[in-house]
């Protein structure tokens with residue numbers, strides 16, 4: 290049995306759930322500033338150790354596995370702390386404030402020969418799993434264009450103040466928050482993380498960080514991603530990917546596939562299991578544990594996360610300079 | 290240019306339309322008891338000859354092609370008259386009152402070496418054309434079971450009196466009226482007109498002829514057709530075919546295909562052209578004219594029509610005797 | 290207070306619920322091979338006795354009432370054991386593997402003067418209760434035709450292996466599983482269990498037992514039932530009864546009634562209480578207990594269940610021989 | 290053949306259509322100020338006589354039947370002119386500007402022994418015909434309360450000027466325009482035109498005549514009508530009657546009936562023929578012609594129309610005085 | 290911390306919930322005739338004192354705040370008892386059987402300088418809060434007409450007997466039950482409780498108290514309320530307010546606003562939080578506690594409740610006399 | 290009366306309609322290669338002159354106004370011919386094959402002091418007119434981002450060959466065909482035609498010209514347009530604009546506006562007149578004629594059209610070079 294710890298019990302609660310479903314893991318320790326949460330989760334999951342100071346948690350020798358789900362600016366130092374303490378680490382997205390931080394994290398993980406995985410839980414929801422399988426079976430042919438849209442109407446009340454709106458602590462706005470998901474899904478489904486150039490714009494109309502971002506991201510195999518992300522804007526809320534391939538296309542949320550039978554256009558509606566979000570966490574944790582046991586690189590490795598962070602940095606740079614950013 | 294004539298201008302109106310769209314045909318003569326109709330259609334389609342007595346029409350030597358769309362009991366004598374006058378004939382469904390009549394008609398056609406085609410216009414509507422093509426492409430695998438349902442709630446007002454309700458003139462009720470369509474479609478889609486046994490019931494609850502019929506029809510390759518037809522019954526009106534195959538299934542009206550992509554069940558919605566009924570008549574007449582010019586047996590030949598009539602006879606017999614009827 | 294026991298805690302769980310709601314019953318004993326279940330249900334319903342071996346349970350003298358919910362092949366021996374131990378018995382459907390077994394069970398019940406009831410829980414869901422009342426009030430007039438359709442797209446994953454697919458243990462496929470429900474509902478609503486002849490087909494396209502069955506079942510008063518049942522087929526899932534009467538018709542799921550007001554056709558939507566499945570179990574158990582206390586034959590008696598089993602046997606026989614089976 | 294004339298070719302166009310469909314009528318003359326219309330309708334309906342001055346038309350001795358469809362303030366003088374010229378008259382609603390005028394018209398008709406009918410075409414649309422028949426068959430039991438709602442969002446553009454908005458010419462606003470329909474339908478369906486008291490309010494928020502009116506109208510058999518009418522108001526457009534009876538209720542547009550089957554509440558949806566508006570005009574004219582030929586009082590006689598006008602006057606009076614108006 | 294007590298644990302359960310959410314209140318005592326409820330709620334909310342006789346509860350000196358939720362006829366005596374015992378009181382609607390009782394209650398509250406609030410929980414549901422804010426922001430301009438409709442199809446089974454149907458104990462039927470809500474909402478949204486005249490009808494078709502009531506209620510600023518309430522009638526159930534203003538209109542359930550942008554009519558759909566009923570209770574109790582602490586008159590004060598009771602009395606009187614009732 | 294001529298009777302048919310509705314225009318001449326069309330339109334619109342060779346038409350001295358609706362590669366020479374013949378010209382979109390051609394055309398128009406207008410008929414459909422007015426009234430505040438999407442699933446059958454797919458004759462694929470509409474609408478609604486930089490991609494997956502194009506287009510006031518256009522791709526067909534402003538947003542097809550009332554998010558549905566496409570042509574022609582009579586620059590002038598052509602050229606260039614194109 291691997292002994293696992295969770296630092297940060299907001300999104301971290303879902304990690305606790307995922308570990309609790311895993312037959313090869315014992316939840317061994319949790320850390321959070323909120324003592325209420327420490328108490329209630331200790332009970333719920335029978336956790337033997339709980340700490341207000343995560344550094345105490347890291348000192349537990351027998352602890353091998355750590356999930357980290359903290360405000361963005363804490364990801365880099367805590368992850369590095371955990372890696373240096375010899376733990377395998379699963380960190381929530383965005384993995385860091387920027388690619389410089391991410392690079393450091395990846396470097397430490399490599400030096401310490403530890404597993405570093407970024408929490409890309411959207412990959413594990415049923416319709417994404419089905420879509421990935423369809424693509425692998427060739428249902429879409431070669432994908433050449435992807436639209437990735439995550440437009441929220443309003444994420445925060447007008448006068449709210451929190452670390453999300455403070456670029457020093459968050460790294461940015463909606464782009465840093467939703468961008469990792471939308472880019473990771475796009476690159477994972479396209480099966481290609483090699484970006485060559487980026488052109489983007491961002492707007493700060495309603496808050497000090499970006500509330501709208503739009504970019505064209507080109508891959509080295511000719512695929513283009515059209516990315517649109519907002520935290521606040523006057524629009525109908527939209528959240529979907531649309532993939533264009535040579536033999537078929539797909540839209541998600543809900544999943545539809547567009548093909549031809551002979552020369553007749555057809556729209557295909559797959560039967561996708563309705564599961565709540567947490568079953569995805571169970572699969573994510575299962576993948577993490579498998580990688581630890583087999584000492585393999587996770588599918589959403591720190592290296593992949595770093596590539597995503599570089600894209601985010603490039604979009605901000607392009608938006609600032611008004612110029613295209615080359616990455617090849 | 291072939292010279293064509295139409296006898297009976299009820300459903301025959303659609304034949305006129307079909308002929309008018311065919312570049313190899315000139316509409317040459319029409320016959321009907323209703324002088325109003327003779328006049329208006331003569332004008333609309335510039336028809337040189339029109340008659341109250343169809344026998345006059347048959348005397349026109351130069352006339353080669355004839356459509357016959359009369360009350361059921363007139364189909365046999367008029368078709369035979371036309372064949373004997375040396376014409377190629379397209380007759381509306383049901384081709385006759387029963388299989389004895391149909392047999393005579395087929396015999397005469399064979400002796401006279403004339404084309405005898407039965408008007409199966411449902412085959413020509415877009416969703417049937419698409420479905421047939423899908424089956425030929427193997428989208429359903431081997432079909433083994435077909436449900437053919439044509440349930441009307443009420444075809445005639447309670448106290449109406451017309452030849453439809455007189456078995457001597459109609460041959461029967463809903464079964465004779467809608468049965469030829471549903472059976473022809475089933476056998477055509479299954480690509481097999483070889484029936485081995487039949488078991489059926491009919492009911493006359495609201496009129497002197499059958500207002501509800503239900504039967505199981507077995508083909509020599511193991512396919513079973515479950516047929517349900519009504520002219521009057523207290524139900525939600527329904528009109529569809531449902532095909533069950535080893536690799537997929539289909540339902541019509543509107544057309545949906547059921548398959549698997551890998552181990553995921555999918556529902557496929559084809560894009561079917563929206564056309565009005567008459568474009569089907571255009572294709573039906575085109576097939577008839579092609580067969581005449583190439584002296585080929587039509588897809589819905591008199592022989593095929595005869596097989597359908599034998600099934601209808603057998604259902605009535607099974608309903609009467611309470612026994613299964615073997616046809617092999 | 291009657292003392293009740295439940296053997297088999299899969300579907301048997303619902304029996305526990307039903308007994309727990311009955312003021313005249315005390316749940317006294319449970320038996321199952323799964324010790325986890327024995328423990329958790331013992332606690333939940335405060336059951337004093339629990340056994341892995343059901344024979345121990347049957348030895349309890351004070352136990353008067355038994356529910357049996359086991360794999361099909363165990364129904365016959367365990368029911369007979371319970372009857373011989375002097376218990377009144379409620380057995381899940383199908384009551385046995387075939388009519389021979391069912392006959393033995395009925396015979397023992399008659400000899401021992403014990404109540405033998407078959408668990409026809411669908412009768413107790415609200416829309417069936419409303420429909421039965423409407424029929425009794427004459428809303429449909431005389432029923433003459435019933436369509437009973439239970440088409441599942443896929444009941445088991447492709448590679449699953451379980452006793453359901455082993456004819457020795459299950460008695461058959463979808464027909465044995467869903468047939469008792471659909472036939473019992475049809476005959477109960479038609480208020481006539483006297484079948485005269487049967488004609489049917491079955492298919493085994495996707496598994497060793499029947500995955501599709503279709504049959505025409507005739508009753509001695511002229512009613513015909515058109516039965517369609519599948520465990521696996523490429524189709525839109527469908528589950529409904531459709532009744533055709535001389536004054537009205539009805540379709541279930543959801544319940545609609547078709548009638549005339551004067552000469553105007555109307556569609557009637559009754560207000561049916563939305564209840565979950567278990568409230569039906571409460572009513573089923575209440576009927577069982579009432580029959581025990583009043584020593585009456587239950588509405589869904591062993592005798593009625595036997596008649597249903599005979600129909601199933603006849604459908605299999607007709608499918609095998611390709612001939613109609615007479616039962617009068 | 291009766292010779293008919295139509296004065297006013299706005300709404301009068303529909304009268305022309307109705308007469309043209311009547312086998313016992315020949316359209317003999319039309320009058321309108323618009324020469325274009327005179328010309329085109331003369332052609333379309335082969336009308337032998339057409340006039341700009343309606344007084345010329347009235348001089349035609351052979352003309353027996355007249356429809357009058359003019360701006361409201363012309364109804365009284367032209368109808369009286371026609372009656373005095375010995376014609377039977379069908380006048381559009383509102384029959385006059387107020388009950389004083391209406392009284393004069395009725396008096397002249399009575400003296401001249403001429404038929405005077407008011408054009409209540411809503412009675413003749415299919416769902417009203419079906420509803421009336423249901424009420425006569427007793428489907429609703431005794432009606433005791435009726436809601437009659439005709440709320441338009443906006444009848445005229447903001448700055449339009451026409452006679453409708455000039456109380457001298459129109460008699461009032463929405464209440465005079467839609468009130469006759471809603472009241473006539475209510476009283477006709479309730480089969481009672483004997484009003485005892487009225488309490489109402491009107492508003493002129495957006496134009497010089499009433500744009501909203503609301504009233505409670507009591508009949509001598511205890512029925513109350515809750516009337517709501519608007520020409521302009523910020524609301525969802527609504528147009529329906531709702532009838533409350535002791536055995537059932539009904540709402541129109543679309544027609545639904547509410548009843549009980551035993552103790553189950555049901556909602557009944559009748560199958561109502563979809564016809565366009567003009568088929569109602571055909572039936573209205575047929576009734577008018579029948580009354581003329583049989584010298585009978587029309588169902589919507591001048592007398593009935595007068596009673597409706599008295600209600601309108603009373604609502605205006607109640608609105609002005611703030612007091613209830615008694616009519617018994 | 291204020292100490293609160295609740296008398297009557299039917300609707301009173303929601304008061305318990307509301308108090309439990311309030312940080313300035315401790316639930317100190319409950320009273321009800323049902324000992325089961327006393328026990329279970331004592332546990333759930335850790336209530337130190339519970340009584341079958343509410344008079345015992347009133348004797349607790351330290352108790353400052355009381356909610357009263359009893360059958361209507363007990364409201365007056367128990368509220369007065371509580372006020373005289375020096376408590377601030379929140380009483381459920383209707384506050385009394387009639388305005389005489391309500392007047393006494395208000396008088397005692399004034400003499401004792403105690404807070405008396407009537408439980409108008411509908412004001413606190415999200416869409417009413419949003420609508421009220423819209424009106425205050427001027428989105429509707431000046432409101433001049435309100436339609437308040439609460440039509441139930443069937444409130445009680447046919448043969449039920451309970452105090453609701455006994456006028457001595459209930460004060461009346463649907464009008465007394467739902468009328469306080471619909472009138473209070475109308476007057477609160479119109480921001481005017483000054484009624485000048487009332488005209489109404491009531492019907493007792495299915496039970497000894499009114500099952501349908503309809504009235505026009507005029508305010509001193511020209512606003513008219515059209516009120517319709519039923520406990521039983523054959524209709525589609527309806528529950529909504531419709532407000533007509535000079536710049537916009539609104540309908541509730543769900544909330545829609547009707548306006549113009551320039552000369553284009555628009556329909557506005559606000560985003561209204563979906564909350565369950567109890568969150569409204571939390572806000573209601575919060576308002577009550579705030580008024581107690583600040584010794585302010587509550588928004589739905591006893592005085593406001595009295596005005597509503599006077600309207601109800603006047604509707605009954607108008608219905609009885611057939612005359613309008615003036616209140617100015 | 291201005292005398293107008295139309296060259297090209299495909300899309301030109303709609304110009305004929307538009308001129309026919311204009312009281313200040315007489316349709317004087319038409320030209321097309323198809324003699325059938327010449328004949329039928331000459332009749333329908335009573336056109337005195339018709340030519341197979343458009344040069345004959347241009348020779349008519351009295352002709353002042355010309356519409357040109359030809360294959361793309363003919364626009365430049367024929368427009369210049371018409372301008373040089375002294376005519377005012379309305380040319381269909383795209384105005385030319387590229388910006389070089391467009392520049393020449395604009396130059397000639399300027400030299401000849403003739404009106405040159407590009408046919409931007411989408412501007413004239415009702416929902417665009419309403420949206421433009423809303424923007425002018427400030428309903429959206431300052432627009433900063435626009436999404437312009439025109440994705441077709443399939444424009445031509447697989448094996449079709451026509452000038453559309455020949456870049457020499459069409460100038461390009463979907464981008465040249467639909468791009469002018471989507472860009473013109475975006476720039477017109479943004480009220481800014483000053484583009485500063487462009488970054489784009491195009492794909493030719495299914496035909497020799499572009500079947501998919503995607504670009505980010507930046508304006509000099511900070512607005513970005515995200516443009517997506519396809520002639521063929523596996524996707525759900527989509528055609529809409531989405532505008533993001535500081536006080537509101539809008540989506541078209543159908544038109545919705547997103548705003549806030551206070552702090553409540555609202556979705557606004559305007560009432561947009563349902564008109565068929567041709568009423569837009571009427572308004573377009575009216576604008577053209579007005580500009581001619583007043584010698585004003587049309588709203589969609591040649592100059593504006595030229596700017597759109599420059600954007601198209603830049604997208605093709607960016608797609609080819611993989612670099613951003615600066616236009617400032």
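Residue numbers (my numbering), protein chains in the order written: chain Y, 290 to 617; chain U, 290 to 617; chain V, 290 to 617; chain Z, 290 to 617; chain W, 290 to 617; chain E, 290 to 617. No residue lacks a Cβ here, since even glycine has one placed at the ideal position from N, Cα and C.
- Contacts with chain V at 9 Å (Cβ-Cβ) do not include residue 586(U).
- Pairing residue 530(Z) with residue 588(Z) gives a Cβ-Cβ distance that is not under 9 Å.
- When DSSP reads this structure, residue 291(W) sits in a beta bridge with 314(W).
- Ranked by Cα distance from residue 535(Y), the first of 518(Y), 561(Y), 511(Y), 516(Y) is 511(Y).
- Under DSSP, the beta-bridge partners assigned to residue 489(V) are 504(V).
- Here residue 371(W) is not bridged, per DSSP, to any residue.
- Nearest Cα to residue 541(U) within the set 560(U), 554(U), 552(U): 560(U).
- Considering only 370(Y), 396(Y), 325(Y), 398(Y), the residue with the shortest C-alpha distance to residue 345(Y) is 370(Y).
- In this structure, residue 360(W) places its C-beta atom within 9 Å of the C-beta atom of residue 458(W).
- Note that the C-beta distance between residue 593(W) and residue 483(W) is not below 9 Å.
- Closer than 9 Å to the CB of residue 609(Y) there is not a single CB belonging to chain E.
- Per the coordinates, the alpha-carbon of residue 590(W) lies some 47 Å from the alpha-carbon of residue 528(Y).
- With respect to chain U, the C-beta atom of residue 554(Y) has a partner C-beta closer than 9 Å.
- In the DSSP assignment, residue 531(Z) falls within the unbroken beta strand (DSSP E) covering 527 to 534.
- For residue 303(Z), the enclosing alpha helix (DSSP H) has its first and last residue at 301 to 309.
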